[in-house]
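Per our numbering, residue 124 is the first one in the sequence shown, and the count goes up by one each step.
C-beta: ideal position from N, C-alpha, C; glycine also.
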Amino acid sequence: MNTKPSPWIFSLLVLIFSVSSLLAGEINWRNFPPVPDKEGFAGMFAGVSDDRLIVAGGANFPGKRPWEGGQKVWYDHIYFLDAVDGVWQKSGQKLPQPLAYGVSVTYADKVWIIGGNDASGHVSQVLTLSYQAGEIRIDTDYPRLPVPLANMAGAVVDGVLYIQGGQESPEGLAREVFYMLDLRDGRSEMEWLAGPSFPGVSRIQAVAAAQEGKFYLFSGFHLTTNEAGGNSRELLRDAYRYLPGARLVDGKWERLKDLPRGVAAAPSPAFSLGNSHILISGGLDEKTLTHSDPATHPGFLDEMLAYNSRAEEWVQMGAMPGGTSRVTAPTAYWKGYWIVPNGEKGPGVRSPAVLGLQTQNQFGWANWTSLGVYLCCMLGIGFYFSKRDKSTAQFFLAGGRIPWWAAGLSIYGTQLSAITFMAIPVIVYATDWRLALGSFMIFAIVPIIIRFYLPFFRRLRITTAYQYLELRFNVKVRLLGSLTFILLQLARMGVVVFLPAIAISSVTGMNIYLCIAIMGVFSTAYTVLGGMEAVIWTDVVQVVVLLGGALFSLFLAIGQIDGGLAQVIQVGVAHEKFTLVEWSWDYTQLVFWVAVIGFFFLNLISYTSDQVVIQRYLTVKSEAEAAKSLWTNGILTLPGILLFFGLGTVLYVYYLSNPQKIGSTNPEELLPYFIVAELPVGIAGLVIAGIFAASMSSLDSSMNSIATAYITDIHSYFNPQTDDRKSLRLAKIITVLMGLFGTLAAMWIASSDVGFIFDLFQKLLGMIGGSLAGVFMLAIFTQRANATGAIIGTLCGAGITFMISRFSDINGYLYGAIGVISCFAIGYVASLFFPKGRSQPQGYTYRSLVKK
């Protein structure tokens, strides 16, 4: 019988590569509904509350322009917008007084307004605006600024509000003040603190920014008294960064590279784009200051500048749309856009327009086509194999028809998953190659599996690994092992779906919950239809696509680096990106011995006790072919190390060497963002589809293996008379339920803060899987261990691992080793105190099996 999928499946995949289209640029501007005022306002306040954009205050020259004798008027109006294509609504509430030219930020679902001025002078008041029950709530019960200020710069960094510069009065000189207010404190605990002395000259109308825990300050005007007794403005081009310390007042300032031109009064806070760019849109520079006559120069500078904080370089980023620019305007981040409401578009000329900037690349119809065709192909594989699933043996083990090389690719694909594809390059991008040392541990594990474990999984003709535990101990240990495995899978299912959903949502603009739902539906459909055979062949396709996409990304990135591979090596060495081993006894860090021990046991857990992997040993014809599949998986690890770890380093050098390139804001999205922005269209869609399928592959494996474990180990125990036809039907029902569970779990993670996902997964694997692997070690390598000891060891091992993770700072990669060793040691000792019962099976250790 032909064991390979029909050629039409692969023919459809080939069509994906032929699709082509064009990607839009990285920076996209759009017009939002204008504020309902003919003139528009300068010096407004802006922010977000309850997912609504709120703007307030401002000033303009109604009727006549200033050169025509018009008088400036300040306002207390408040407007809010609830949708990008909605209509502005004017609130029935008003600011406590007309106000403009202060600082506004968003924090804790409130719009914070600090200082500012009106026709009578400058103020020190701090207030918040929040949207509640259909109206704006105003709260003024906050500590006032130490002095009245207007025209200052400010931003929020990790919950701390920083304010720098400004004037105490309209005629006064700029102040050198630097204040900070911890917004995280309770209201009664809030207090303005004076920070370290600012190293530059005093200034007004500087541009502030916040990025990755640091406060930035750019340009502005320095004021001096002229001979007429008024103020003269000196345009500044210096730039600074404030690094907070352990205490708020213990931070330090550092000077950055000067700007190529002034950007005074540009929209502030500046836009933080990706993980390294701070974009400044427009602003007043030397050219606009020398052409202040509105008749000859009616507009301000529309060129955009960006500071690449990683490369520490200034780069030109093109012009704002339609030759427009804005000064004395606030900014706010809302619905994926940086918003610039109103402001001045020329000397004395306001604008009611609201502009929005987005850096998301257009996915394009070609990439959507690739994604759609790929998903249909995965479904087609399920349909193709559906006619063979006539029994549980077919559904669970593919009838033993899988070639060894396909089983090996499937094992590799299951271990690869979207977590490896996206998380490993990100970790290497941020750190170095120390994780690679752990990947080599697969070569220490494979010989052990083939010699000591594989004989039990193959010669005893079992369907799940936990059937062996009943043969060696008793049915209670089998049930405990199977339930532990199911618990582990339930814990990981949501994680492996959520990670790629972030990426796909980011690069396509698709709602993250819709991404999760599509993955859940497609993977459930083809798994129910085709069983394990469909699961394995979709794994094969996924591995080819993901490895090909990673390789394509690697070469493309190197090709766009001036100096190519030699430059990658030179920069990587200079920045210590190739560090593979760190010699230390520090058990809290990923040092040499932690990596070796930790990853040895993490691999041992996966390959000796995880039904997802073990089930693939059983889908081939013989024990020899199972061994070949294991070596295939191990050998693929070598190029995988170079590929995924190398990609992380290459991306680091790529963005460092191309400072004009904007990367992703979120670390998890770094690689897929690069794929969509830089890979040829169609191919980019295919690789994103591969990420999609990688998550589906992990989910389908869990679904099928949970169904296998439940039917074989649990349902058959309580319902021994159930015939195979009914068991098959129930297995498919459970598969559907598990697909639903994994989908809902991923949606829960998407709406919760669960920390760094890759580390979370490792902790779960260590805490739950470690004890399970320890039971298999007890079973195979000891003759004295018995069922009671195995159960005690399992419970104690999991408990000890949990306590250590909760109350110590030991590195998380050691959790697996702790779980395995503690389960084995406690289980063995406990067995000495509890003699074997009469029902305790004899034999089934490695030594007795070899004798047979």
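- Message: Please report the distance separating the alpha-carbon of N781 from that of R433.
- Response: 11 Å
- Distance CB(G343)-CB(A329) smaller than 8 Å: yes
- Message: Please tell me whether L520 and M655 are closer than 8 Å, where the distance is taken between their beta carbons.
- Response: yes
- Task: From the DSSP output, in three-state form, read off L679 for me.
- Result: Note: L679 maps to helix in three-state DSSP.
- Starting from M870, trace the alpha helix (DSSP H) both ways and give me its first and last residue. D847 to A873
- Task: Express the C-alpha separation of L895 and L602 in angstroms, rounding to a whole number.
- Result: 12 Å
- Message: Using only CA atoms, which one of N151, T251, L340 and W528 lies nearest to G757?
- Response: Residue W528 is the option with its Cα nearest to G757.
- Grab the span of the alpha helix (DSSP H) containing N398 for me, first residue to last. That residue, N398, is in no alpha helix (DSSP H); it is neither H nor E in DSSP.
- Hey, could you find the ends of the beta strand (DSSP E) N726 is sitting in? Counting along the chain, N726 falls outside any beta strand (DSSP E), though it belongs to the alpha helix (DSSP H) covering F715 to S732.
- Cutoff 6 Å; reference P271; Cβ partners in own chain excluding five residues on either side: H245, V246, S247 and E291
- Helix or strand or just coil, what does DSSP make of F701? coil
- Going by C-alpha distance, which of G763, A165 and P157 is nearest Y535? G763
- Query: Between the Cα of A749 and the Cα atoms of T760, L759 and I737, which residue gives the shortest distance?
  - Reply: I737
- Task: Under the assumption that I550 contacts L558 (Cβ atoms under 8 Å), give the Cβ distance between them as a whole number of angstroms.
- Result: 6 Å
- Query: How big is the Cα-Cα spacing for V714 and L703?
  - Reply: 9 Å
- With which residues is W152 paired in a DSSP beta bridge? L480
- Message: According to DSSP, simplified to helix, strand and coil, what is R260?
- Response: strand
- Message: Tell me the residue span of the beta strand (DSSP E) that contains K375.
- Response: K375 to R378
- Item | Closest residue to D199 among E191, G209, Y649 and V178 (Cα-Cα distance) | When only C-alpha atoms are compared, the closest one is V178.
- Y969: which of F168, T835 and F575 sits nearest, CA to CA? That would be F575, whose Cα lies nearest to the Cα of Y969.
- Item | Integer-rounded CB distance, given that L759 should sit under 8 Å from V118 | Because the chain is modelled from 124 through 975, residue 118 falls outside the range shown and cannot be assessed.
- Looking only at C-alpha atoms, which of L478, S320, R449 and D836 sits nearest to E593? D836
- Query: How would you write the range of the beta strand (DSSP E) that V569 sits in, first residue to last?
  - Reply: Unbroken run through V569 is the alpha helix (DSSP H), I565 to I571; no beta strand (DSSP E).
- Leaving out the 5 sequence neighbours to the left and right, which residues in its chain are closer than 6 Å to F596 when beta-carbon positions are compared? A910 and A913
- For F925, which of helix, strand or coil comes out of DSSP? helix
- Going by the beta-carbon positions, is the gap between F338 and P319 smaller than 8 Å? Between F338 and P319, the gap from beta carbon to beta carbon reaches 8 Å or more.
- Query: When burial is assigned at 16 or more other CB atoms within 10 Å of the CB, is Y430 buried or exposed?
  - Reply: Result: buried.
- Task: Compare the beta carbon distance of Y777 and A873 with 8 Å and say whether it is the shorter of the two.
- Result: No, the Cβ-Cβ distance between Y777 and A873 is not below 8 Å.
- Item | Beta carbon of P156 nearer than 8 Å to that of G209 | yes
- Task: Assess, as a yes-or-no matter, whether the segment 609-628 is touched by the segment 641-649 under the definition of 3 or more beta carbon pairs within less than 8 Å.
- Result: Result yes; three or more Cβ-Cβ pairs closer than 8 Å.
- Task: On the DSSP bridge assignment, give the partners of V463 in chain order.
- Result: Partner(s): L478.
- Message: Please report the distance separating the alpha-carbon of S828 from that of M616.
- Response: 12 Å
- Query: What residues in its chain sit with their C-beta under 7 Å from that of R267, if we drop five residues either side in the sequence?
  - Reply: S247, Q248 and V249
- Give a yes or no on whether the C-beta atoms belonging to A648 and L822 are separated by under 8 Å. 8 Å or more divides the Cβ of A648 from the Cβ of L822.
- Is T348 helix, strand or coil by DSSP? Here T348 sits in strand by DSSP.
- Item | Nearest residue (CA-CA) to T454, options L765, K217, F184 and V279 | V279
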